[in-house]
Each structure stands twice: as C-alpha cells, then as structure tokens.
Amino acid sequence: GAGVSQSPSNKVTEKGKDVELRCDPISGHTALYWYRQSLGQGLEFLIYFQGNSAPDKSGLPSDRFSAERTGGSVSTLTIQRTQQEDSAVYLCASSLGSTNTEAFFGQGTRLTVV
Amino acid sequence: AQSVTQPDIHITVSEGASLELRCNYSYGATPYLFWYVQSPGQGLQLLLKYFSGDTLVQGIKGFEAEFKRSQSSFNLRKPSVHWSDAAEYFCAVGGNSGRRALTFGSGTRLQVQP
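Below you can see the structure in the form of structure tokens.
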C-alpha cells in the first residue's frame, strides 16, 4: 500500500487476555518502529527493527510485551495478560533506513483494556 | 542517553499571530532533529528535519526551525498561524550513536483562537 497500515484500528479487550497488533510497513522500508502513546502523553519507544539486525527491545515495558517482524516486512506486537495500564494508542512507523531518514507513521491501534 | 524536552504542554495563540514552540534535546553526538505534527484523528506527519548544514531549516505549511547547538535547542516557528495549525506538535531526536530509535518529546498542544 501507499502508507503504513495498522490493524485493527480499535481493540477492546478484557483484562488478562492476550492481544496482537499488526503493522504493514511501506514496501521497501527496512526500519520499523513501535511506539505507545498514552492519553495526553508523548510517544514512548517500544521496539525497533532494522533489516536483519537484532531488534532494539530496550523500550519494551515488561516481558508481557513482545514483537516480531516476519520476512523483513509485516510486524506483530503481542501483549500478553493485558492490564488496564496497557490502554493506549500503539503506533507503528517505518523508514527507508535508520534514524536519519523520515519515519512514516500509521494511524495507530487504539487499545482499551476493560 | 538521548532525551527531548518540550517545556510547553499547551499554547494558545490568536490566528495571524506568530508562533514559537520550544524544544530542547540531550544527545551525545551530532543529533538528527525532527518536528512532527499530529492533527486530531490523524497520524503523525513530518514538518521538517535537521541533519547538517544550514541551521535554519524550512518545512511544510510555512514552518521553520532553527538548530542552536550552544543551547541544545531546535525551536519551531511560524510567522503567522492559521486556524488549521491547531494540533499537537512533537519534537524528536535521533542519530547514529546510542539508541537508534527516534526519541520524542511529550508534545505541545497548540490552540488557535479566531
């Protein structure tokens, strides 16, 4: 597609359930980022994939969070045993290279844990 | 560690007035600096970026920003604000050393009065 696509756009889940959020980056973009934006807050870095390098997972808030990127393209962010504090908008971005190139953002997935 | 501070959480200006949004960064090497805008219900869009060279950079929608290394600042300016500029503005820093993902500030929400 023309831009970064995220699905679902909205997700309501019960506390304790697992959720999967999907990101389709722009074709040819080697870098992919996940960020979390809580209400009224800035963007919190979660994880960064660059080509075939080991991902930078330093932003993941707990071991309940994990992400993978298959075939250097689609990425899935998984949150296990969701908690209410996980409620936020999860944003995915991709770029041609590392952080010296523009990152293009998707519309985000709004996750609500009830 | 890299970090970004946007000291103004919320700014209100009158339409036609000038605007300056502040951004201070902390980075151990030459930073790559970005300003993004997030309109209500929209994804993040890049306004402008600084990598090297001229410290005054021009962006889209009539915005500009000036990199001042001595002050570790990258303030965003616009000479005459339009009602459509009402949005959330995020400053970000990246680079080739340390953590490779973009680090964002907490954002400044701009309101424009008629």
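Residue numbers (our numbering), protein chains in the order written: chain S, 660 to 773; chain D, 3 to 116.
Cβ coordinates follow ideal geometry from the N, Cα and C atoms, glycine included.
Legend entry - For Ala94 of chain D: DSSP bridge partner residues: Residue pairing by DSSP places Ala94 of chain D opposite D:Phe36 and D:Phe106 in a beta bridge.
Inset, instruction - Measure the C-alpha to C-alpha separation of His688 of chain S and Gly18 of chain D and round it to an integer number of angstroms. - result: In this structure, the straight-line span from the alpha carbon of His688 of chain S to that of Gly18 of chain D is close to 39 Å.
Inset, instruction - Please report the residue range of the beta strand (DSSP E) in which Lys70 of chain D lies. - result: Counting along the chain, the beta strand (DSSP E) containing Lys70 of chain D begins and ends at Glu66 to Lys70.
Inset, instruction - Compare the C-beta of Tyr707 of chain S with all C-beta atoms of chain D and state if any pair is closer than 7 Å. - result: Output row for Tyr707 of chain S: interface = yes.
Inset, instruction - Pull up the DSSP beta-bridge partners for Tyr694 of chain S, would you. - result: In DSSP, Tyr694 of chain S forms a bridge with S:Phe704 and S:Leu750.
Legend entry - Nearest to Thr32 of chain D (by Cα), restricted to the options D:Ala88, D:Val95 and D:Glu90: If we check each option's Cα against that of Thr32 of chain D, D:Val95 comes out closest.
Legend entry - Proximity of Gln23 of chain D and Thr110 of chain D at Cβ, strictly below 7 Å: Position check: residue 23 of chain D holds Leu in this sequence, whereas Gln was assumed. Yes, Cβ-Cβ distance for Leu23 of chain D and Thr110 of chain D is below 7 Å.
Legend entry - Coarse secondary structure for Gln117 of chain D, derived from DSSP in three states: Examination of residue 117 of chain D is not possible in this model, given that chain D is present from 3 through 116 alone.
Legend entry - Close beta carbons around Thr7 of chain D, own chain, < 7 Å, minus the five adjacent residues each side: Non-local beta-carbon contacts of Thr7 of chain D in its own chain, meaning distances under 7 Å to residues more than five positions away in sequence, involve Asn26 and Gly107 in chain order.
Legend entry - Contact belief for Tyr91 of chain D with Phe69 of chain D at Cβ below 8 Å, rounded distance in angstroms: At roughly 16 Å, the Cβ-Cβ gap does not stay under 8 Å, so Tyr91 of chain D and Phe69 of chain D are not in contact.
Legend entry - Residue environment, Thr737 of chain S, which counts as buried when at least 16 other CB atoms sit within 10 Å: With a 10 Å radius around the Cβ and a threshold of 16 neighbouring Cβ atoms, Thr737 of chain S comes out exposed.
Legend entry - Nearest candidate by alpha-carbon position, reference Gln709 of chain S, set D:Ala103, D:Ser20, D:Asp56 and D:Val114: Comparing Cα-Cα distances from Gln709 of chain S to each of D:Ala103, D:Ser20, D:Asp56 and D:Val114, the minimum goes to D:Ala103.
Inset, instruction - Consider the Cβ of Phe774 of chain S: report whether some Cβ of chain D lies at a distance smaller than 7 Å. - result: Within the shown structure, residues of chain S are numbered from 660 to 773, placing residue 774 of chain S beyond reach of any answer.
Legend entry - Ala3 of chain D, enclosing beta strand (DSSP E) - first and last residue: DSSP places Ala3 of chain D outside any beta strand (DSSP E), giving it a letter other than H or E.
Legend entry - Within 7 Å, strictly: CB atoms of Gln739 of chain S and Asp677 of chain S: A contact, by the Cβ cut-off of 7 Å.
Inset, instruction - Using the DSSP secondary-structure output, state which residues sit across from Arg1 of chain D in a beta bridge. - result: The requested residue 1 of chain D is not part of the displayed model; chain D covers only 3 to 116.
Legend entry - Helix, strand or coil at Gly100 of chain D [DSSP, three-state]: With a pLDDT of 44 at Gly100 of chain D, under the threshold of 50, the modelled position of this residue cannot be trusted; read the value that follows with caution. In the displayed model, Gly100 of chain D falls within coil according to three-state DSSP, outside both helix and strand.
Legend entry - Selected residue, minimal CA-CA separation from Arg71 of chain D, among D:Arg79, D:Leu46, D:Ser54 and D:Pro9: Nearest C-alpha to Arg71 of chain D: D:Ser54.
Inset, instruction - Whole angstroms is fine: what's the gap from Ser28 of chain D's alpha carbon to Val663 of chain S's? - result: Taking the straight line from one Cα to the other gives about 29 Å.
Legend entry - Continuous beta strand (DSSP E) stretch holding Asp683 of chain S: start and end: According to the DSSP assignment, Asp683 of chain S belongs to the beta strand (DSSP E) that extends over Val678 to Asp683.
Legend entry - Secondary structure of Ser725 of chain S, DSSP reduced to three states: DSSP places Ser725 of chain S in strand when its eight states are reduced to three.
Inset, instruction - Pick helix, strand or coil for Lys674 of chain S, following the three-state DSSP scheme. - result: Correct three-state label for Lys674 of chain S: coil.
Legend entry - Same chain, Cβ closer than 7 Å to Tyr749 of chain S, five either side skipped, listed in chain order: Here the set comprises Leu680, Trp693, Arg695, Leu736, Gly767, Thr768 and Leu770.
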